[in-house]
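In this note's numbering, the protein residues as written are 121 to 494. Don't be surprised by glycine CBs; every beta carbon is placed ideally from N, CA and C. What follows is a single structure, written as structure tokens, with notes after it.
As structure tokens, this is what we get:
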């Protein structure tokens, strides 16, 4: 950001002849525009009644009614001064010096440039110069010189006031810059918040579109189920009507049966009383049977307990027998081996015996069948 500042051009303040070219006669006023926040220096110009003194020398032959001419100069806007009529002071009124505001002012000397003492009297070097026309001219110039000194002091005070106003303006400008930077930060923050809100709006739009699709699907489902409900309602009404017709039919049958069995009520009552007595007898027998069953159940439980004990004894005996059998097999293993060997030998002997027996039978058959064989 380009910060506005006040610049002073020395070429505009000091002429080539070493005189005061321009002294501001106004004080600048600083104002800020609320819309663009750019500080603008406004100045109020005085009327054209401000008098300036010409840089040229007046001749001593001028009349008593002559006044310094006026001159208008355009001041640079950077000084914070208006375009008005300023006072130009010639170097003929004495030496000048720089003030703190880079403005030349007339140096206050104890003796004037034309030999005038501070008390307004002429020095002894001039003598009787106050006599005649030249003396009157010198006296008039002395008065003008005093007047110009007073004006220079006034302009010096005005210049100091202008510098102070410029400093205040710089402070206001810095405050305006800080305010502008703060608003710029706020604008950046608002921009980021706006972007976030835009993203949220986009997300919400997507959600709204999704909700619209869901609403459309829900509407279609609602129409479908509404049609199904109407169809089911019609079917239910038809079934209810059929059930009502069937109920009326059954009610008619019931009424017919009730009217038919109404005459036989007494016989039915007698039969019911007889059956009640028989049922009571059967119930008594059943209770006796229940008592017998409970007794038998107790006996069965006792028998079951005895059977469980016998089963346990049997299991113990079987385990003992298995142990005994295993021990006997271990003890009789050698005997069994010998028996197997003996059995094998017996089988071999038996086979040989059978072979021999076959041979003998063959020999006997040969003797019987062949003559002269014996």
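Between the CA atoms of residue 461 and residue 473 - distance to the nearest angstrom: Going by C-alpha positions, residue 473 is about 18 Å away from residue 461.
What is the DSSP secondary structure of residue 511, reduced to helix, strand or coil? Residue 511 lies beyond the range of the chain shown here (121 to 494); nothing can be said about it.
Can you tell me whether residue 285 is buried or exposed, with buried defined as 16 or more other CB within 10 angstroms of its CB? Buried.
So, is residue 413 buried or exposed, given that buried needs 16 or more other C-beta atoms within 10 angstroms? By the 10 Å Cβ count, residue 413 comes out exposed.
May I ask which residues mark the beginning and end of the alpha helix (DSSP H) holding residue 452? Residue 452 -> no alpha helix (DSSP H), and no H or E assigned at all.
Answer with buried or exposed for residue 258, where buried requires no fewer than 16 other C-beta atoms within 10 angstroms of its C-beta. Buried, because 16 or more other Cβ atoms sit within 10 Å of the Cβ of residue 258.
Ignore the nearest five residues each way along the sequence and tell me which others in residue 339's own chain have a CB closer than 6 Å to its CB. Within the same chain, and ignoring the five residues on either side of residue 339 in sequence, no residue has its Cβ closer than 6 Å to its Cβ.
Rounded to whole angstroms, what's the CA-CA distance from residue 273 to residue 296? Just pull it up for me. Distance between the alpha carbons of residue 273 and residue 296 is about 34 Å.
Can you grab the Cα-Cα spacing for the pair residue 464 / residue 470, in whole Å? Taking the straight line joining both Cα atoms gives about 10 Å.
Measure the C-alpha to C-alpha separation of residue 61 and residue 430 and round it to an integer number of angstroms. Any question about residue 61 goes unanswered here, given that the chain covers just 121 to 494.
From residue 450 to residue 444, what does the alpha carbon distance come to, in whole angstroms? If you take the alpha carbons of residue 450 and residue 444, they lie about 10 Å apart.
Measuring straight from C-alpha to C-alpha, what distance separates residue 300 and residue 292? About 12 Å.
Below-9 Å beta-carbon distance, residue 328 vs any chain B residue: Reference to chain B is not applicable here, since this structure consists of a single protein chain.
With a threshold of 16 other CB atoms inside 10 Å of the CB of residue 327, please say whether the residue is buried or exposed. Residue 327 comes out exposed.
Is residue 413 a contact residue of the ligand MG, with contact defined as CB to any heavy atom under 8 Å? Judged by which ligands are present, the structure shown has none, so any question about the ligand MG falls away.
Should residue 269 be labelled buried (16 or more other beta-carbon atoms within 10 Å of its own) or exposed? Buried, because 16 or more other Cβ atoms sit within 10 Å of the Cβ of residue 269.
Please report the distance separating the alpha-carbon of residue 520 from that of residue 456. Any property of residue 520 remains undetermined from this structure, which presents the chain solely from 121 to 494.
Pairwise C-alpha distance: residue 325 and residue 352: Cα to Cα, residue 352 sits roughly 39 Å from residue 325.
Drop a sphere of 10 angstroms on the beta-carbon of residue 330, count the other beta-carbons inside from all chains shown, and report buried for 16 or more, exposed for fewer. So residue 330 ends up on the exposed side.
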